[in-house]
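These notes are about the structure you will find just below.
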Amino acid sequence: MRAARALRCLFFVVAIALALATPVEAALCAGFTDVDSTNPFCSNIEWLKNRGITIGCTSLTLYCPAAVVTRESMSIFLQRLGNAMTPTLRAGYNSGSSLDLDLLPVLCPTSLHTPPASPQTAHGVGYILGWTDAASTMDVSVTLVSRPNVSAPWDPASPVPGSWSANGNGTRKGAVVLLPPQTLLPGVPIQWGLRVGRSAGSLTTGDFVGWNCQLVIEIDNRVTTSSPFDEEE
Amino acid sequence: MICIAPLARASIASLLMAASPTATALCSQFTDVDQSNPLCPNVDWLRNRAVTLGCTSTTLYCPGDAVLRLSMAAFMNRLGNALTPTFAVQQGQGASLLLPSPAVVCDTGNVLATTYPRSASVIGIVNTLAAAPVGVSMHIVYSTNAGATWTSVTQAPTSLGGGGGWLNGAVQKSAIPLNANTTYRFAVRLDPLPGTTQLGTWSCHIKSTLASRTGSGVPY
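Okay, structure coming up:
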């Protein structure tokens with residue numbers, strides 16, 4: 001009995017000693033060793049680091065939370081904040097003569113946009129005007145599409161296509177389509193364009209004898225993210 | 001016996017106010033910044049956007065304190081959120097749309113502009129299949145009474161007309177000033193032109209972008 005009690009006591013002492021010898025490591029906030037993830041301001045610091053507004057103080061792994069902000073530092077922070085909040089634009093404009101709609105061409109592609117680590121939203125508007133000669137009468141459909149890189153297939157990005165009926169008299173007609181807010185993935189490139197083709201069920205066929213188009217996409221900061229530092233913790 | 005009529009509570013308050021020294025008006029309800037401070041409009045601006053909530057309590061701003069990097073993170077995050085645009089989008093469609101009078105389509109539903117002023121940029125699109133000649137005038141409209149009445153903000157409405165096929169039209173309005181703490185709805189209104197009483201198959205799409213603007217916020 002006494003031996004058992006001594007053994008339990010020894011086990012208890014060893015357990016305490018082990019607990020003291022290996023302190024529980026708090027999770028780091030945004031990779032900074034001087035702010036842990038339980039700090040009530042951690043999500044704010046992650047927000048700044050995701051947007052490159054802070055990159056650390058005396059080193060990349062220190063935030064120096066209790067240090068005062070000097071006016072010199074403030075100018076850097078405000079400039080970086082201003083840059084993060086400034087919208088980015090991607091646009092495409094083009095025109096041409098004959099166009100075979102059976103090829104489902106994508107017109108007015110924008111240049112590739114590579115989102116930074118911070119979260120962004122894209123939204124925009126595009127239009128196509130096209131005209132046909134007397135031999136071509138058909139219904140035309142336009143969809144705003146996007147793809148993750150220049151060799152990937154295009155996917156519809158606008159839920160509401162635009163349509164018009166080309167009546168073969170050369171009149172310039174067209175359609176406008178919207179890109180509703182589209183969540184961009186941090187670091188994943190994306191490109192937009194306008195895909196045009198004959199509407200399903202269009203009874204007659206034909207090609208454009210002339211066309212022009214324009215597409216403007218605006219890219220803005222988005223409030224929340226999960227990469228690389230989870231701001232929603 | 002001397003009878004003294006009881007003083008009304010309002011009278012007592014008036015007497016007390018008259019007896020006490022003139023109270024300085026507070027800036028954003030912070031007891032340590034008064035309204036005559038030349039930086040008060042800036043403090044109001046921050047508080048209306050919830051960029052500052054106070055320092056050691058919600059009634060203190062601590063104007064003479066240095067800003068710690070920890071606090072700065074909160075200020076910048078909140079400022080960034082206040083400056084990030086928000087969106088209201090809607091789409092609609094139908095087999096036919098009767099137009100005995102103007103019709104409102106693609107109603108975004110309620111959009112609350114909280115505590116600070118914003119501007120809205122709205123674009124709407126309508127597609128319709130016209131078997132016979134039709135004509136409508138397209139407007140961007142908004143409502144501040146849950147859709148009971150609508151106000152057009154379109155200076156140059158789009159005319160959509162023709163027959164014998166698909167028609168597509170777009171109308172837009174930028175920088176519509178919105179007041180703080182007001183609920184808005186945005187929509188496209190179709191006004192029938194003479195001779196048009198209905199549309200055939202139709203669809204619509206609207207996108208409203210709300211962004212911060214300069215101007216007076218509330219409650220400060």
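Those sequence lines, one after another, are chains A and B.
Note that this note's numbering has the first sequence beginning at 1, numbered continuously upward.
Note that this note's numbering has the second sequence beginning at 1, numbered continuously upward.
No residue lacks a Cβ here, since even glycine has one placed at the ideal position from N, Cα and C.
Anything in the region 53–85 of chain B with a Cβ closer than 9 angstroms to a Cβ of chain A? List those residues in chain order, please. When C-beta distances to chain A are compared with 9 angstroms, the residues of the region 53–85 of chain B below that value are A66, V67, L68, R69, L70, S71, M72, A73, A74, F75, M76, N77, R78, L79, G80, N81, L83, T84 and P85, in chain order.
Residues near N39 of chain A by beta carbon distance below 7 angstroms, same chain, minus five either side: Non-local C-beta neighbours of N39 of chain A in its own chain, meaning closer than 7 angstroms and more than five positions away in sequence, comprise C29, ordered along the chain.
Check each candidate in A:I219, A:V223, A:A67 and A:G162 and name the one with the smallest Cα separation from G197 of chain A. Comparing Cα positions, the closest option is A:G162.
Alpha carbons only, please: which of B:S57, B:V153 and B:G195 is nearest the one belonging to I140 of chain B? The shortest C-alpha separation from I140 of chain B is found at B:V153.
Considering S159 of chain B, what are the terminal residues of the beta strand (DSSP E) in which it resides? From DSSP, the beta strand (DSSP E) with S159 of chain B extends over T158 to G162.
Any C-beta of chain B within less than 7 angstroms: which residues of the region 109–123 of chain A qualify? Taking 7 angstroms as the Cβ-Cβ cut-off against chain B, the residues of the region 109–123 of chain A that qualify are H123.
Provide the residue span of the beta strand (DSSP E) that contains A88 of chain B, from first to last. Counting along the chain, the unbroken beta strand (DSSP E) around A88 of chain B starts and ends at T86 to G94.
Mind pulling the chain A residues with CB within less than 7 angstroms of G200 of chain B? Near G200 of chain B there are no residues of chain A at all, since even the closest Cβ is about 12 angstroms away, more than 7 angstroms.
T121 of chain A and R51 of chain A look like a contact to me (Cβ under 8 angstroms); what is the Cβ gap, rounded to whole Å? The beta-carbon distance between T121 of chain A and R51 of chain A, rounded to whole angstroms, is 14 angstroms. This is too long to meet the 8 angstroms contact definition.
Find the nearest neighbour of T204 of chain A within the set A:L101, A:H113 and A:P116, judged by alpha-carbon distance. Measuring from the Cα of T204 of chain A, the nearest candidate turns out to be A:L101.
Does any residue of chain A bring its CB to less than 9 angstroms from the CB of V89 of chain B? Yes, because at least one Cβ of chain A sits closer than 9 angstroms to the Cβ of V89 of chain B.
Please state if the CB of A73 of chain B and the CB of N44 of chain A are separated by a distance shorter than 9 angstroms. In this structure, A73 of chain B lies closer than 9 angstroms to N44 of chain A by Cβ.
Could you pull out every residue in the same chain whose Cβ sits closer than 6 angstroms to the Cβ of R172 of chain A, ignoring the five residues on either side in sequence? Closer than 6 angstroms at Cβ, skipping near neighbours: L129 and W131.
Return helix, strand or coil for L89 of chain A, following the three-state DSSP convention. The three-state secondary structure of L89 of chain A, taken from DSSP, is strand.
Under 9 angstroms between C-beta atoms of F75 of chain B and V122 of chain B: No, they are not a contact pair.
Are the beta-carbon atoms belonging to G187 of chain A and R147 of chain A less than 9 angstroms from one another? Contact: no.
Nearest to T149 of chain B by alpha carbon, out of B:N179, B:R78, B:A156 and B:Y184? For T149 of chain B, the closest of B:N179, B:R78, B:A156 and B:Y184 by C-alpha to C-alpha distance is B:Y184.
If you follow the alpha helix (DSSP H) that R51 of chain A is part of, which residue opens it and which one closes it? Annotation for R51 of chain A: no alpha helix (DSSP H) segment contains it, and DSSP assigns it neither H nor E.
Anything in chain A within Cβ reach of H205 of chain B, meaning under 7 angstroms, just list it in chain order. One finds V160 and L178 in chain A with Cβ atoms closer than 7 angstroms to the Cβ of H205 of chain B, taken in chain order.
When DSSP labels each residue in this structure, what does R69 of chain B get in the three-state scheme? If DSSP states are grouped into helix, strand and coil, R69 of chain B belongs with the helices.
Nearest residue (CA-CA) to N169 of chain A, options A:R71, A:G210 and A:A200: Checked all of A:R71, A:G210 and A:A200; the closest Cα to N169 of chain A is A:G210.
Given that a residue counts as buried once 16 or more other Cβ atoms are within 10 Å of its Cβ, and exposed if not, what is T114 of chain A? By the Cβ neighbour-count rule, T114 of chain A is exposed, with fewer than 16 other Cβ atoms within 10 Å of its own.
Of the residues B:P177, B:V33, B:S174 and B:G124, the one placed nearest L160 of chain B, counting alpha carbons only: Among B:P177, B:V33, B:S174 and B:G124, the Cα nearest to that of L160 of chain B belongs to B:G124.
Could you run through the region 169–197 of chain A and flag, in chain order, every residue whose CB is less than 9 angstroms away from some CB of chain B? Within the region 169–197 of chain A, the qualifying residues are K173, G174, A175, V176, V177, L178, L179, P180 and P181.
Three or more C-beta pairs below 8 angstroms linking the region 100–108 of chain B and the region 58–70 of chain A: No, the region 100–108 of chain B does not touch the region 58–70 of chain A.
In this structure, does DSSP put P21 of chain B in helix, strand or coil? For P21 of chain B, the predicted structure reports a pLDDT of 49, less than 50, and the residue's modelled location is therefore unreliable. A value from the coordinates is still provided. Looking at P21 of chain B - three-state DSSP - the assignment turns out to be coil, as it is neither helix nor strand.
Going along the region 29–55 of chain A in order, which residues come within less than 7 angstroms of chain B, judged by CB to CB distance? For the region 29–55 of chain A, which is checked against every Cβ of chain B, the residues closer than 7 angstroms are F41, N44, I45, W47, L48 and I53.
Hey, is I176 of chain B's beta-carbon within less than 9 angstroms of any beta-carbon in chain A? No, I176 of chain B does not count as interfacial toward chain A.
Just verifying my parser: in three-state terms, what is the DSSP assignment at S136 of chain A? It is coil, neither helix nor strand.
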